[in-house]
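Asker: First to last, the sequence lines map onto chains G, L and Y. Throughout the first sequence, residue numbering follows numbering that gives the first Met the number 0, covering 0 to 167 in sequence. Throughout the second sequence, residue numbering follows numbering that gives the first Met the number 0, covering 0 to 167 in sequence. Throughout the third sequence, residue numbering follows numbering that gives the first Met the number 0, covering 0 to 167 in sequence. Have a look at the structure that comes next, please.
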Amino acid sequence: MIPAQTRRAPPALPEALRREVEDFHAAYADTLDRGDIEAWPEFFTEDAVYRVIARDNLEAGLPLCLMLCEGKGMLKDRAYAIAHTEMYAPRYLQHQISLIRVTAFDDAKVSAQANYVLFETLVDEPTRILQVGRYRDTFARTEGGLLLAERLCVYDSVTVPNCMVFPA
Amino acid sequence: MIPAQTRRAPPALPEALRREVEDFHAAYADTLDRGDIEAWPEFFTEDAVYRVIARDNLEAGLPLCLMLCEGKGMLKDRAYAIAHTEMYAPRYLQHQISLIRVTAFDDAKVSAQANYVLFETLVDEPTRILQVGRYRDTFARTEGGLLLAERLCVYDSVTVPNCMVFPA
Amino acid sequence: MIPAQTRRAPPALPEALRREVEDFHAAYADTLDRGDIEAWPEFFTEDAVYRVIARDNLEAGLPLCLMLCEGKGMLKDRAYAIAHTEMYAPRYLQHQISLIRVTAFDDAKVSAQANYVLFETLVDEPTRILQVGRYRDTFARTEGGLLLAERLCVYDSVTVPNCMVFPA
């Protein structure tokens, strides 16, 4: 089972830091929802780890991921491939992200979680649920603002994401 | 018709209280989404009332509920039954909760509302919408933080929840 | 492509203004979700513009809208027609709105965006996704609080909204 988060926000969590995390999510989702995939790696640190993993795999201790990028170079390669070389039907994505919660923080890092839903719309098809999951994030606090040092996307949905094109 | 809420937040609503309500929702949803059903009654007061009711029943003044628990003992019985004695296909739940609004508060209580969506994923099936509704809550302010004195889950969805296993 | 928003909140964005925008969304959604359509025009200024437009039309520079109201008079006419003269099957609506972000503000105006999902439930049918989109808003700051001077609802969904009855 996924471990419980602490029930309350960490003591003395600054309001400004909560807002910084919320604004990060809004900008991140906005970038992907606009289809600006090549700007996506800029939300990560140089040595960031990005993984999209099925919840039952994670809970069973199986390492298999739907997407895995280690380091910003891999994120950029992935983004370039999606933008320029891969073949797929045109589609729109939209994120809903709620229940954003900071679970721990210090001067260097912030741990946070959030629930997300990805809605996908293909031309002439009704909008469908592509993926439902939660982010388990570690942000690095840098002079330029928050950057993802680790993003783990743990998704419930199993059937549909076989055709996942864009990152969560 | 469901009565209108006041359009603005109540005067002098403290930011800390807003955040406490938001954090409560995040912890409550996290507990159910992780499947930790036996921790669920701990979000309620000893004499709490928990009801899940269809919107058209509520608006017609009909008392029939999909779930009804009066007192923490009944909540614990229900949680125990779900965890240990009931038979159902394994499934994952995920909450989206947005538009959280505090409508009234004093030193002892907080009234609040929020919109929720429950997404359900059964093994090898696409994620589906289980229930769409809103919470109408009364929280008790205790030394240990907020606890639900009353949670009314008013759902729009009629067809699917015949097979509702977990609480909203 | 829809232009990028700035990645961070504007400098010195007051917390109170963020909350005012969030409370506006909650009250607006609550009004429509309760079916109180005749109260809907009260969220707009006298010369407000309200448009619901498909994302591919907007990106292609095509002006065709699913709904267009110019001025509060047109909004009231529309609301009256929905409440009193149009024929449609009874239905419940529910909004989810997340990732609310203020992108610019001054003493007179606030620019903001948010992602929305409209869930629709017809009698004896499962809840479905009616429309997924984002709000691009300009609020006027008035003595009575925020009012919409312009609301652009840019939706991804193409197939379903042919039967859109209520505004987003």
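We treat Cβ as the ideally placed atom computed from N, Cα and C, and that holds for glycine. Only a predicted model underlies this, so the values are computations on that prediction, with no experimental measurement involved.
Taking its Cβ as the centre, do 16 or more other Cβ atoms sit within 10 Å of Y:Thr-84, making it buried, or is it exposed?
Answerer: So Y:Thr-84 counts as exposed.
Asker: List the whole-angstrom C-beta distance separating L:Ala-167 from L:Tyr-115, where the pair is believed to meet the contact cut-off of C-beta under 8 Å.
Answerer: Rounded, the Cβ-Cβ distance is 7 Å, consistent with contact.
Asker: By the three-class DSSP mapping on this structure, what secondary structure does G:Phe-42 have?
Answerer: DSSP places G:Phe-42 in helix when its eight states are reduced to three.
Asker: What beta strand (DSSP E) runs, 3 residues minimum, are completely inside the stretch 79-106 of chain L?
Answerer: Counting only runs of 3 or more, we get 90-104.
Asker: Please report the straight-line C-alpha distance between Y:Lys-108 and G:Leu-145, rounded to a whole angstrom.
Answerer: Distance between the alpha carbons of Y:Lys-108 and G:Leu-145 is about 28 Å.
Asker: Thinking Y:Tyr-49 and Y:Arg-150 are a contact (beta carbons under 8 Å), I'd like their distance in whole angstroms, please.
Answerer: Y:Tyr-49 to Y:Arg-150, Cβ: 5 Å. Contact.
Asker: Where does L:Val-157 fall in DSSP's three states?
Answerer: It is coil, neither helix nor strand.
Asker: Which term fits G:Ala-11, buried or exposed, when burial requires 16 or more other beta carbons within 10 angstroms of its beta carbon?
Answerer: Classification of G:Ala-11: exposed, given that the 10 Å Cβ count is below 16.
Asker: Among the candidates L:Ala-8, L:Gly-143, L:Asp-76, L:Tyr-154, whose CA atom is the shortest distance from the CA of L:Gln-130?
Answerer: With distances taken between Cα atoms, L:Gln-130 lies closest to L:Tyr-154.
Asker: Which class does G:Lys-108 belong to by DSSP, given the choice of helix, strand or coil?
Answerer: Strand at G:Lys-108.
Asker: Classify G:Val-164 as helix, strand or coil using the three-state DSSP reduction.
Answerer: Here G:Val-164 sits in coil by DSSP.
Asker: Go to G:Thr-126, then tell me how far its beta strand (DSSP E) extends in each direction, as first and last residue.
Answerer: Here G:Thr-126 belongs to no beta strand (DSSP E), and DSSP marks it neither H nor E.
Asker: Strictly under 8 Å for the Cβ-Cβ distance: is G:Val-122 near chain C by that measure?
Answerer: Among the protein chains in the structure shown, which are G, L and Y, there is no chain C.
Asker: In or out: L:Thr-141 buried (at least 16 other Cβ within 10 Å) or exposed?
Answerer: Label assigned to L:Thr-141: exposed.
Asker: Here's a check: name, in chain order, each residue in its chain whose Cβ is nearer than 7 Å to the Cβ of G:Arg-17, leaving out the five neighbours to either side.
Answerer: Cβ within range, chain order: Val-101.
Asker: Would you grab the beta carbon distance between G:Lys-71 and G:Glu-37 for me? Rounded to a whole angstrom, and I think it's under 8 Å.
Answerer: Actually they do not touch by this definition, with Cβ atoms about 13 Å apart.
Asker: Identify each residue in the stretch 84-116 of chain G for which the Cβ-Cβ distance to at least one residue of chain L is less than 7 Å, and report them in chain order.
Answerer: Listed by position along the chain: Gln-95, Ser-97, Leu-98, Arg-100, Asn-114, Val-116.
Asker: Tell me which residues share the same chain as G:Val-164 and place their Cβ nearer than 8 Å to its Cβ, disregarding the 5 neighbours each side in the sequence.
Answerer: Cβ neighbours of G:Val-164 beyond the five flanking positions: Ile-81, Glu-85, Tyr-87, Arg-90.
Asker: Would you report the Cα separation of G:Leu-121 and G:Asp-76, rounded to the nearest angstrom?
Answerer: The straight-line gap from Cα to Cα measures roughly 25 Å.
Asker: Output needed for Y:Tyr-27: all residues of its chain with C-beta closer than 7 Å, excluding positions within five of it in sequence on either side, in chain order.
Answerer: Cβ within range, chain order: Phe-42.
Asker: To which residues of the same chain is G:Asn-56 closer than 6 Å at the C-beta, ignoring the five residues directly before and after it?
Answerer: For G:Asn-56, where only same-chain residues beyond five positions count, the Cβ hits under 6 Å are Leu-63.
Asker: Measuring alpha carbon to alpha carbon, tell me which of L:Pro-13, L:Pro-125, L:His-24 ends up nearest L:Ser-97.
Answerer: Answer by Cα proximity: L:His-24.
Asker: By DSSP, does L:Leu-57 sit in helix, in strand, or in coil?
Answerer: Reduced to three states, the DSSP call for L:Leu-57 is helix.
Asker: Could you give the DSSP three-state label for G:Arg-7: helix, strand or coil?
Answerer: In this structure, G:Arg-7 counts as coil in the three-state DSSP scheme.
Asker: What does the alpha-carbon distance come out to for the pair L:Ala-35 and Y:Arg-133?
Answerer: Note on identity: in this sequence residue 35 of chain L is Asp, with Ala being the wrong assignment. Between L:Asp-35 and Y:Arg-133, the C-alpha separation is close to 34 Å.
Asker: Who pairs with Y:Ile-52 in a beta bridge, going by DSSP?
Answerer: Answer is Y:Val-153, bridged to Y:Ile-52.
Asker: Does the beta-carbon distance from L:Asp-136 to G:Arg-7 come in below 8 Å?
Answerer: Against a cut-off of 8 Å, the Cβ pair of G:Arg-7 and L:Asp-136 comes out as no contact.
Asker: From Y:Tyr-79 to Y:Glu-69, what distance separates their C-alpha atoms?
Answerer: Y:Tyr-79 and Y:Glu-69: Cα-Cα distance of roughly 15 Å.
Asker: Would you verify that the beta carbon of Y:Arg-135 is, or is not, closer than 8 Å to some beta carbon of chain G?
Answerer: Y:Arg-135 does not count as touching chain G.
Asker: Using the three-state DSSP reduction, which class does L:Glu-142 fall into: helix, strand or coil?
Answerer: Three-state result, L:Glu-142: coil.
Asker: For Y:Ala-103, tell me which candidate among Y:Ala-139, Y:Met-66, Y:Trp-39 has the shortest Cα-Cα distance.
Answerer: Comparing Cα positions, the closest option is Y:Ala-139.
Asker: Taking 8 Å as the CB-CB cut-off, is L:Gly-132 touching chain G?
Answerer: Not one chain G Cβ lies under 8 Å of L:Gly-132.
Asker: Could you work out which residues of chain L lie near G:Phe-8, taking near to mean beta carbons separated by less than 8 Å?
Answerer: Before going further, note that residue 8 of chain G is Ala rather than Phe in the sequence given. Going along chain L in sequence order, the residues near G:Ala-8 (Cβ under 8 Å) are Arg-18, Asp-22.
Asker: Excluding sequence positions up to five away, which residues of its chain have a Cβ less than 7 Å from the Cβ of L:Leu-117?
Answerer: Taken in chain order, the residues that qualify are Leu-92, His-94, Leu-129, Gln-130, Ala-167.
Asker: Tell me where the alpha helix (DSSP H) around L:Glu-19 begins and ends.
Answerer: Looking at the DSSP string, the run of the alpha helix (DSSP H) that includes L:Glu-19 is 14-32.
Asker: By Cβ distance below 6 Å, which residues in the same chain neighbour G:Pro-40 in space, the five residues on each side in sequence not counted?
Answerer: Cβ neighbours of G:Pro-40 beyond the five flanking positions: Lys-71, Leu-74, Lys-75, Ala-78.
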